[in-house]
Amino acid sequence: MSLKKYDIHAFGPLLATFEMPEELTDWLLEEANKVRGNEELSANKNLAGQLKEQYYFPDKIREEFYRRFNPVFSQYRNIHCDFHKLTPKKLEWGARVLWVNFMKKHEVNPMHNHGDDYSFVYFLNDVDLSEEYKNHVARSNLPGNVGFSFGEPSAPDRKWTTQQRWFQPKKNLLIMFPSLLEHYVIPFHTDVERVSVSGNIFIVNKENLQTATGMGDPKNRQHEFYF
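Position 84 of the sequence shown, counted from 1, bears residue number 1109 in my numbering, the numbering being contiguous throughout.
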């Protein structure tokens, strides 16, 4: 028997990666180094990361970045609607903050999630952890990798779902995800420094994406949950 038609009904959080343009990465890295050491811009008290150097960007840089970032978010939204089988709707969005992490050896970014609706992490440089990879013997993922976790665990003898996704950071890689998706970074112990930028996006016009009665086309009703 040959099946001519089938469909896949994916659900859960949409996790997407983008390769960002080199010129944007280099510009953002240059701006990141300008805020470094400015204690008035320190983000340490507001973030989960156990890092010594985390800083907010000033408003001017934040606004310029999100202006350039708009095509990426638009593409993510198109993928999002296709993934969840939703009818696309026009969004108004904003972003309050943008911050940079300078991560060094032994520092930890523990399991956490973010505020607002969507988040991203954007890696601005490459670091060489090859020796650590060679010496890694634990069952855990590789040092320095970033992991995302969702849903119920699977027993080793009854593997029925994928609960985690892991990424090896590299320059120009941007990972976008729903803000409530839990994620963390495994510490590394090589004397290098990784620079990454993160931010949160909120949907301004959520009330316009929800049906008043909860009736009608189920695809539209799903916007109450997925926007």
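Just so it is clear, CB atoms sit at the ideal spot from N, CA and C, and this is done for glycine as well.
Nothing here was measured: the structure is a model prediction, and the numbers come from that model.
Inset, instruction - Measure the alpha-carbon distance for Phe1127 versus Phe1213 and round it to whole angstroms. - result: Reading the sequence shown from its first residue, position 102 is the one you call residue 1127. Reading the sequence shown from its first residue, position 188 is the one you call residue 1213. When rounded, the distance between both Cα atoms is 13 Å.
Legend entry - Per DSSP, the bridge partner or partners of Gly1172: Here residue 1172 refers to the residue found at position 147 when the sequence shown is read from its first residue. Paired residue(s): Trp1191, Tyr1209.
Inset, instruction - Return helix, strand or coil for Thr1215, following the three-state DSSP convention. - result: Numbered from its first residue, the sequence shown carries residue 1215 at position 190. Note: Thr1215 maps to coil in three-state DSSP.
Inset, instruction - Identify the continuous beta strand (DSSP E) that holds His1105 and give its terminal residues. - result: For the purposes of this step, residue 1105 is taken as residue 80 along the sequence shown, with counting starting at 1. It is not in any beta strand (DSSP E) - His1105 instead sits in the alpha helix (DSSP H) that spans 1084-1108.
Inset, instruction - Just tell me which of Pro1038, His1034, Ser1223 has its CA closest to the CA of Val1331. - result: Because the chain spans 1026 through 1252 in this model, residue 1331 falls outside it and cannot be assessed.
Legend entry - Run of the beta strand (DSSP E) containing Glu1044, from where it starts to where it stops: By one-based count along the sequence shown, residue 1044 stands at place 19. Its beta strand (DSSP E) spans residues 1041-1044.
Inset, instruction - Grab me the residues of Asn1225's own chain with a C-beta within less than 8 Å of its C-beta, minus the 5 sequence neighbours each way, in chain order. - result: The residue given as residue 1225 occupies position 200 in the sequence shown. Ala1120, Arg1121, Val1122, His1139, Gly1140, Asp1141, Asp1142, Tyr1143, Ser1144, Ser1204.
Legend entry - Contacting residues, own chain, Cβ-Cβ under 6 Å from Pro1083 (five flanking each side not counted): The count along the sequence shown starts at 1 and reaches residue 1083 at position 58. Nothing meets the Cβ criterion.
Inset, instruction - Say whether the segment 1151-1165 touches the segment 1207-1221, bearing in mind that this needs 3 or more beta-carbon pairs closer than 8 Å, one atom from each stretch. - result: Yes, since at least three Cβ pairs between the segment 1151-1165 and the segment 1207-1221 fall closer than 8 Å, the two stretches touch.
Legend entry - Extent of the continuous beta strand (DSSP E) run through Trp1185: Here residue 1185 refers to the residue found at position 160 of the sequence shown. Element bounds for Trp1185: n/a, residue is neither H nor E.
Legend entry - Beta-carbon spacing of Asn1134, Leu1076 below 8 Å: For the purposes of this step, residue 1134 is taken as the residue at position 109 of the sequence shown. For the purposes of this step, residue 1076 is taken as the residue at position 51 of the sequence shown. Yes, they are a contact pair.
Legend entry - When Lys1129, Phe1148, Gly1169 are compared against Ser1221, the one with the closest alpha-carbon: Indexing the sequence shown from 1 puts residue 1221 at position 196. Of the candidates Lys1129, Phe1148, Gly1169, the one whose C-alpha sits nearest the C-alpha of Ser1221 is Phe1148.
Inset, instruction - Have a look at Tyr1031, Asn1071, Phe1192 and flag the residue whose alpha-carbon is nearest the alpha-carbon of Leu1040. - result: The residue you call residue 1040 lines up with position 15 of the sequence shown. For Leu1040, the nearest C-alpha among the options comes from Phe1192.
Legend entry - Glu1088 to Glu1177 span [Cα, whole Å]: In the sequence shown, residue 1088 corresponds to position 63, counting from 1. In the sequence shown, residue 1177 corresponds to position 152, counting from 1. Computed Cα separation, rounded: 38 Å.
Inset, instruction - Tell me whether Thr1238 is buried or exposed, calling it buried when 16 or more other Cβ atoms sit within 10 Å of its Cβ. - result: For the purposes of this step, residue 1238 is taken as residue 213 along the sequence shown, with counting starting at 1. Residue confidence is low: Thr1238 scores 47 on pLDDT, short of 50, so the model does not pin down where it sits. Its coordinate-derived value is still stated next. Exposed is the call here.
Legend entry - CA-to-CA distance, Asn1170 to Arg1190, given in whole angstroms: Taking the sequence shown and counting its residues from 1, the one referred to as residue 1190 is at position 165. Taking the sequence shown and counting its residues from 1, the one referred to as residue 1170 is at position 145. C-alpha separation (whole angstroms): 10 Å.
Inset, instruction - Could you give the DSSP three-state label for Glu1132: helix, strand or coil? - result: Start at 1 with the first residue of the sequence shown, and residue 1132 comes out as number 107. Of the three classes helix, strand and coil, the one that applies to Glu1132 here is coil, per DSSP.
Legend entry - Opening and closing residue of the beta strand (DSSP E) in which Ser1144 lies: Counted from its first residue, the sequence shown places residue 1144 at position 119. Start and end: 1143-1148.
Inset, instruction - Just grab the DSSP bridge partners of Gly1119 for me. - result: Here residue 1119 refers to the residue found at position 94 of the sequence shown. Beta-bridge pairing links Gly1119 to Phe1227.
Inset, instruction - Look up Asn1071 in the DSSP assignment and say whether it is helix, strand or coil. - result: By one-based count along the sequence shown, residue 1071 stands at place 46. Helix.
Inset, instruction - Indicate whether Thr982 and Lys1196 have their beta-carbon atoms separated by less than 8 Å. - result: Residue 982 lies beyond the stretch modelled for the chain, which goes from 1026 to 1252, so this question has no answer here.
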